[in-house]
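Top line first, the protein sequences correspond to chains Z and L.
Heads up, the first sequence is in my numbering, so the first residue is 10 and it goes up one at a time.
Heads up, the second sequence is in my numbering, so the first residue is 10 and it goes up one at a time.
See structure below.
Number of protein chains: 2
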Amino acid sequence: MSQKPSLDFWYEFASPYSYLAAMRIEAEAQKANFDINWKPFLLGPIFRQHGYQDSPFNELPMKRNYMWRDIKRCCQTQGLAFHQPDPFPCNALNAARLALLGVKLGWCPQFTRSVFEAHFGQGKDISDPNILKSILTSVTRDDVERLWDQAQSPDHKNCLRTQTEHAQSLGIFGAPTFMREQEMFWGNDRLEMALTFQPET
Amino acid sequence: MSQKPSLDFWYEFASPYSYLAAMRIEAEAQKANFDINWKPFLLGPIFRQHGYQDSPFNELPMKRNYMWRDIKRCCQTQGLAFHQPDPFPCNALNAARLALLGVKLGWCPQFTRSVFEAHFGQGKDISDPNILKSILTSVTRDDVERLWDQAQSPDHKNCLRTQTEHAQSLGIFGAPTFMREQEMFWGNDRLEMALTFQPET
Numbered sequence: 010m011s012q013k014p015s016l017d018f019w020y021e022f023a024s025p026y027s028y029l030a031a032m033r034i035e036a037e038a039q040k041a042n043f044d045i046n047w048k049p050f051l052l053g054p055i056f057r058q059h060g061y062q063d064s065p066f067n068e069l070p071m072k073r074n075y076m077w078r079d080i081k082r083c084c085q086t087q088g089l090a091f092h093q094p095d096p097f098p099c100n101a102l103n104a105a106r107l108a109l110l111g112v113k114l115g116w117c118p119q120f121t122r123s124v125f126e127a128h129f130g131q132g133k134d135i136s137d138p139n140i141l142k143s144i145l146t147s148v149t150r151d152d153v154e155r156l157w158d159q160a161q162s163p164d165h166k167n168c169l170r171t172q173t174e175h176a177q178s179l180g181i182f183g184a185p186t187f188m189r190e191q192e193m194f195w196g197n198d199r200l201e202m203a204l205t206f207q208p209e210t
Numbered sequence: 010m011s012q013k014p015s016l017d018f019w020y021e022f023a024s025p026y027s028y029l030a031a032m033r034i035e036a037e038a039q040k041a042n043f044d045i046n047w048k049p050f051l052l053g054p055i056f057r058q059h060g061y062q063d064s065p066f067n068e069l070p071m072k073r074n075y076m077w078r079d080i081k082r083c084c085q086t087q088g089l090a091f092h093q094p095d096p097f098p099c100n101a102l103n104a105a106r107l108a109l110l111g112v113k114l115g116w117c118p119q120f121t122r123s124v125f126e127a128h129f130g131q132g133k134d135i136s137d138p139n140i141l142k143s144i145l146t147s148v149t150r151d152d153v154e155r156l157w158d159q160a161q162s163p164d165h166k167n168c169l170r171t172q173t174e175h176a177q178s179l180g181i182f183g184a185p186t187f188m189r190e191q192e193m194f195w196g197n198d199r200l201e202m203a204l205t206f207q208p209e210t
């Protein structure tokens, strides 16, 4: 039995370009006959390690303004809703913990898309536990309070920490990042190349 | 007589993504039935105004390494030669002055492509006047020493200064940047969108 090649999709819920990638990655992967490994992680600790106090998008007002204009146009092109969230970047810690739990329990992709859609499509505050719990209800029949507590357990908190350290050890410095074995592709604009690139032999 | 729409192509010779854009923009513009206005400028004064001491690509070693890997892959995809120049970024002042002279005299696109190809395709030092003069010889029959002197005249130096100030006044913070009337598109990856985007009405 032949095994499909797979692509690791590293994403962060506060990243607007991760939203664009999350909403189209399964369709693109299907066309290219790839499996996707969903890898939620946190960029904050990585940015801080590099000496950034804030998202690099916020470093210049004109760059920040351009980015939102670009995201709006990209959403229009992809047929996605867009509502600029404020504050930006949000605290995505609990969303990332839950998404990582969803990897274990099988509902990560649906949960991820719903969180991104709530945040960048509707401008909702995804640090609000009620919003996250309501999304959980829509993607699983499991007891939502039990899942929440599981996501807040010391063991699971440690899983997310390890995941972020793994991202860091791979040299990941932004999101989304696609890893095809050792080959890194950064940014929503590189998804097609990540799926089709043929290394020189 | 119907007039073609036009796209302003703002580029800097030290910018590797400007190389990628310069080598394909005429083919893309022809497909989309656009005219291209070639706009050489300098990013250095803009970066310094924003408090950068160096190219933003150099700020993190892992980001810089990634960028060169990405450029190499993109060159491979576009069928372009690639040789990583050292030092990076180069001093592109004289190349930009000459390219701007070429806008007036009609050989800017050929000159621009040849300079980019020498720098990023062959790794040549384009701050070397001999290399620039040899490229001039290949794109015009005019007297090369006379052109060189013209590019170094106070009036022409001032033209490039004004051009860079114009870029700054448009909010340009990187290269390549495409301007379609007031609409800004940053990066080689946005060329297609710049040529095809339909604003919401």
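Beta carbons: idealized from backbone N, C-alpha and C, even for Gly.
Within the DSSP secondary-structure output, Lys-48 of chain Z pairs in a beta bridge with Z:Trp-19. Secondary structure note for Phe-194 of chain L: its beta strand (DSSP E) is the uninterrupted segment 192–195. In summary, Ala-101 of chain L is buried, with 16 or more beta-carbon neighbours lying within 10 Å of its beta-carbon over all protein chains present. No Cβ of chain Z is located within less than 8 Å of the beta carbon of Leu-52 of chain L. Only exposed fits Gly-60 of chain L, as fewer than 16 other CB atoms lie within 10 angstroms of its CB. With 16 or more other Cβ atoms from the protein chains shown falling within 10 Å of its own Cβ, Asn-197 of chain Z counts as buried.
The beta carbon of Pro-25 of chain Z lies closer than 6 Å to those of Ile-80, Phe-129 in the same chain, with the five residues before and after it left out. Here Thr-186 of chain Z carries a strand assignment [DSSP, helix/strand/coil]. Where Leu-29 of chain L is concerned, the enclosing alpha helix (DSSP H) starts and stops at 25–31.
For Gln-39 of chain Z, the enclosing alpha helix (DSSP H) begins and ends at 34–41.
As the crow flies, the alpha-carbon of Val-148 of chain Z is around 16 Å from that of Gln-159 of chain Z. Minimum Cα-Cα distance from Glu-126 of chain Z among the listed residues Z:Lys-72, Z:Pro-49, Z:Asn-42, Z:Leu-89 corresponds to Z:Leu-89. With fewer than 16 other Cβ atoms inside 10 Å of its own Cβ, Lys-40 of chain Z counts as exposed. Counted as a single uninterrupted DSSP element, the alpha helix (DSSP H) harbouring Ile-55 of chain Z occupies residues 53–58.
Going by C-alpha positions, Cys-168 of chain Z is about 31 Å away from Thr-205 of chain Z. Within the stretch 46–72 of chain L, His-59, Leu-69, Met-71, Lys-72 place their CB atoms closer than 8 Å to a CB of chain Z, listed in sequence order. Closer than 8 Å at the C-beta level to chain L, one finds no residue of the stretch 22–34 of chain Z. Contact annotation, Met-202 of chain Z with Arg-199 of chain L: C-beta distance approximately 15 Å; criterion of less than 8 Å not satisfied. Of all residues in the stretch 178–196 of chain Z, only Gly-180, Phe-182, Met-193, Trp-195 place a beta-carbon less than 7 Å from a beta-carbon of chain L.
For a cut-off of 8 Å, the C-beta gap from Ala-176 of chain L to Trp-19 of chain L is around 6 Å, short enough to register as a contact. For Phe-206 of chain L, at least one C-beta of chain Z is nearer than 8 Å to its own C-beta. For a Cβ distance threshold of 7 Å, residue set Asp-198 of chain L lies close to Asp-198 of chain Z, ordered along the chain.
C-alpha of Lys-13 of chain L to C-alpha of Arg-189 of chain L: approximately 12 Å in a straight line.
In this structure, DSSP gives Arg-82 of chain Z a helical state, which the three-state scheme calls helix.
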